[in-house]
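Peer 1:
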Amino acid sequence: MSDPYPARTAEREDKRSFLQKLAEFIHPGPDSAAELIETLAEAEDNQIINTESRLMIEGVIRMADMTAGDVMVAAPRMDLLNIEDPVDQLMHQVIDTAHSRFPVYEGERENVIGILLAKDLLKLQRAPELNIRALLRPAVFIPESKGLNDLLRQFRDNRNHLAIVIDEYGRTAGLITIEDVLEQIVGEIEDEFDIADDAGDIFGLPDRSFRVSGDTALERVSEAFGVDLKQARQGEDDHDFDTLGGLIAHEMGHVPHRGETYELAGLRFVVLHTRAGVVRWFKVSPVTPLAPVPTVKPGPTA
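Numbering (numbering that gives the first Met the number 0), first residue to last: 0 to 301.
#1: Please report how far the alpha carbon of ARG170 lies from the alpha carbon of VAL111, in whole angstroms.
#2: Quick check: the Cα distance between PHE281 and ALA216, rounded to an integer number of angstroms?
#3: Between the C-alpha atoms of ARG219 and ALA126, what's the straight-line distance to the nearest angstrom?
#4: Considering LYS282, what are the terminal residues of the beta strand (DSSP E) in which it resides?
#5: Give every residue of the same chain whose Cβ lies closer than 6 Å to the Cβ of SER284, excluding the five residues on either side of it in the sequence, and list them in chain order.
#6: Nearest-angstrom Cα distance between GLY298 and LEU243?
#7: Between which two residues does the beta strand (DSSP E) harbouring GLY203 extend?
#8: Which residue marks the beginning of the alpha helix (DSSP H) containing GLU182, and which one marks its end?
#9: Quick one: measure Cβ to Cβ for ARG100 and LEU79, integer angstroms, because I've assumed they're closer than 8 Å.
#10: Less than 9 Å separating the beta-carbons of ILE129 and GLY113?
#11: In terms of residues, what are the limits of the alpha helix (DSSP H) holding THR260?
#12: Under the rule that 16 or more other beta-carbon atoms within 10 Å means buried, what is ALA117, buried or exposed?
#13: Going straight from the alpha carbon of MET77 to that of ILE163, what length do you get?
#14: With a threshold of 8 Å, are at least 3 pairs of Cβ atoms found where one atom belongs to the region 43–56 and the other to the region 138–149?
#15: Determine the DSSP secondary structure at SER221, reduced to helix, strand or coil.
#16: Buried or exposed: GLN230, going by 16 or more other Cβ atoms within 10 Å of its Cβ?
#17: Do you know offhand how far GLU191's Cα is from ALA97's?
#18: By the DSSP assignment, the beta strand (DSSP E) with VAL226 in it spans what residues?
#19: In the structure shown, what three-state DSSP assignment does ILE94 receive?
#20: Determine the direct distance from the alpha carbon of GLY245 to that of ARG132, and round the result to whole angstroms.
#21: Under a Cβ-count criterion, where at least 16 other Cβ atoms within 10 Å of its own Cβ denotes burial, should TYR104 be classed as buried or exposed?
#22: With H, G and I counted as helix, E and B as strand and the rest as coil, what does DSSP make of ASP193?
#23: With distances taken between CB atoms, is the gap from GLU259 to VAL270 smaller than 9 Å?
#24: For the alpha helix (DSSP H) containing ILE60, name the first residue and the last one.
#25: Considering ALA248, what are the terminal residues of the beta strand (DSSP E) in which it resides?
#26: Note down, in chain order, each residue of its chain lying with its Cβ closer than 7 Å to the Cβ of ASP63, except the 5 sequence neighbours on either side.
#27: In this structure, how does DSSP classify ALA133 when only helix, strand and coil are distinguished?
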């Protein structure tokens with residue numbers, strides 16, 4: 000049905016003044032991603048959008064130029080399960096690394112034969128006669144050059160959460176999860192096996208080692224393990240550190256990566272999780288059986 004008041008329709012369609020139209024002609028909209036991001040910053044300054052909205056939109060824009068190789072976990076730092084290992088050993092590895100999904104290999108680490116969900120290991124405890132191969136999900140392989148936009152669409156359409164990244168020679172380059180992709184938009188996402196930051200700072204593990212938060216005070220760690228970490232430092236500089244993560248990163252001389260190990264004061268510190276270059280969790284154990292063990296009550300057992 001036609002509008003009985005066409006003049007009003009025209010008025011609704013374009014309420015811009017002549018000066019507004021002239022300004023838009025002289026200063027057109029952004030024609031590059033960098034200009035668009037700058038425009039978003041101006042919109043935030045003018046309180047048109049809030050900070051969270053700006054960051055999410057920026058994440059979407061930047062993600063358009065990113066590939067799986069940009070955000071993947073590199074192959075040397077991948078946590079994989081060996082299908083030949085006994086179930087008890089697999090359980091310990093799942094607890095220690097705290098992931099919810101694991102690539103499973105047979106023979107060589109390059110030979111990934113499937114994906115195992117950590118929760119599926121419980122089925123083996125209830126029914127030991129089950130074959131672990133029956134619990135494996137198909138592994139998805141993608142090229143290192145695959146764009147994140149396409150990968151996110153593939154994850155959504157196929158209901159996958161993890162993919163193995165292959166380089167141009169067909170070798171395993173790393174792995175990437177749907178969380179890795181979404182975090183480019185919305186920031187860090189907690190895994191269902193992640194431990195809440197307020198749940199404690201030192202946790203006992205089944206293998207008699209301990210999970211220690213990277214932001215735990217040095218005094219707390221020194222007291223728990225009966226050592227003096229500040230006194231045991233290797234460097235001779237005057238830097239003073241308040242947290243375990245800050246101390247270990249300084250002693251290592253670089254931003255720690257998952258899986259790296261450092262020994263200090265008779266203790267072995269294994270980097271379990273990092274976020275934005277900061278260590279969130281260490282696995283701590285004595286270097287030798289005679290090394291000190293915690294002398295104060297730690298947090299709850301993981």
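A virtual CB, placed ideally from N, CA and C, is assigned to each residue, including glycine.
Peer 2: Taking the coordinates as given:
#1: Residue 170 sits at position 171 when you count from the first residue of the sequence shown. Residue 111 sits at position 112 when you count from the first residue of the sequence shown. About 11 Å.
#2: One-based indexing of the sequence shown puts residue 281 at position 282. One-based indexing of the sequence shown puts residue 216 at position 217. Rounded to the nearest angstrom, the two C-alpha atoms are 13 Å apart.
#3: Taking the sequence shown and counting its residues from 1, the one referred to as residue 219 is at position 220. Taking the sequence shown and counting its residues from 1, the one referred to as residue 126 is at position 127. If I take the Cα positions, the gap works out to 42 Å.
#4: Here the question's residue 282 lines up with position 283 in the sequence shown. Note, LYS282: beta strand (DSSP E), 277–285.
#5: Against the sequence shown, residue 284 aligns to sequence position 285. Same-chain partners within the cutoff: SER208 and ARG267.
#6: The residue given as residue 298 occupies position 299 in the sequence shown. The residue given as residue 243 occupies position 244 in the sequence shown. For GLY298, the pLDDT reaches just 48, beneath the cut-off of 50, and the residue's location in the model is therefore unreliable, leaving the point undetermined.
#7: Translated into positions along the sequence shown, residue 203 becomes position 204. Counting along the chain, the beta strand (DSSP E) containing GLY203 begins and ends at 201–203.
#8: Position 183 of the sequence shown, counted from the start, is the residue given in the question as residue 182. Start and end: 177–185.
#9: Along the sequence shown, read from residue 1 onward, the residue named residue 100 stands at position 101. Along the sequence shown, read from residue 1 onward, the residue named residue 79 stands at position 80. The beta carbons of ARG100 and LEU79 sit about 11 Å from each other, so the pair does not count as a contact at 8 Å.
#10: Looking up residue 129 in the sequence shown gives position 130. Looking up residue 113 in the sequence shown gives position 114. This sequence places Leu at residue 129; Ile is not what is there. For LEU129 and GLY113, no; Cβs fall outside 9 Å.
#11: Taking the first residue of the sequence shown as 1, we reach residue 260 at position 261. In the DSSP assignment, THR260 falls outside any alpha helix (DSSP H) and within the unbroken beta strand (DSSP E) covering 260–263.
#12: Working through the sequence shown from its first residue, we reach residue 117 at position 118. The residue in question, ALA117, is buried, as its Cβ has 16 or more Cβ neighbours within 10 Å.
#13: Here the question's residue 77 lines up with position 78 in the sequence shown. Here the question's residue 163 lines up with position 164 in the sequence shown. Spanning the two alpha carbons is a distance of roughly 10 Å.
#14: The region 43–56 is not in contact with the region 138–149.
#15: Taking the sequence shown and counting its residues from 1, one reaches residue 221 at position 222. Under the three-state reduction of DSSP output, SER221 falls in the helix class.
#16: By one-based count along the sequence shown, residue 230 stands at place 231. Exposed, because fewer than 16 other Cβ atoms sit within 10 Å of the Cβ of GLN230.
#17: Taking the sequence shown and counting its residues from 1, the one referred to as residue 191 is at position 192. Taking the sequence shown and counting its residues from 1, the one referred to as residue 97 is at position 98. The pLDDT assigned to GLU191 is 44, lower than 50, so where the model puts this residue is not dependable, and the model offers no usable value.
#18: Counting from one through the sequence shown, the residue named residue 226 turns up at place 227. First-last for VAL226: undefined, no H or E at that position.
#19: Residue numbering aside, residue 94 sits at position 95 when the sequence shown is read from its first letter. In this structure, ILE94 counts as helix in the three-state DSSP scheme.
#20: Counting from 1 along the sequence shown, the entry for residue 132 is found at position 133. Counting from 1 along the sequence shown, the entry for residue 245 is found at position 246. If I take the Cα positions, the gap works out to 42 Å.
#21: Numbered from its first residue, the sequence shown carries residue 104 at position 105. Burial check for TYR104: the Cβ neighbour count within 10 Å reaches 16 or more, so the residue is buried.
#22: Counted from its first residue, the sequence shown places residue 193 at position 194. With a pLDDT of 48 at ASP193, under the threshold of 50, the modelled position of this residue cannot be trusted; read the value that follows with caution. Coil at ASP193, not helix or strand.
#23: Residue mapping note: residue 259 aligns to position 260 of the sequence shown, counting from 1. Residue mapping note: residue 270 aligns to position 271 of the sequence shown, counting from 1. Yes.
#24: Taking the sequence shown and counting its residues from 1, one reaches residue 60 at position 61. Per DSSP, the continuous alpha helix (DSSP H) segment holding ILE60 begins and ends at 50–62.
#25: Counted from its first residue, the sequence shown places residue 248 at position 249. According to the DSSP assignment, ALA248 belongs to no beta strand (DSSP E) but to the alpha helix (DSSP H) extending over 243–251.
#26: For the purposes of this step, residue 63 is identified with residue 64 of the sequence shown, where counting begins at 1. Note that residue 63 is Ala in the sequence shown, not Asp. ASN148, listed in sequence order.
#27: As a first step, residue 133 must be located in the sequence shown, where it is residue number 134. ALA133 falls in the helix class under three-state DSSP.
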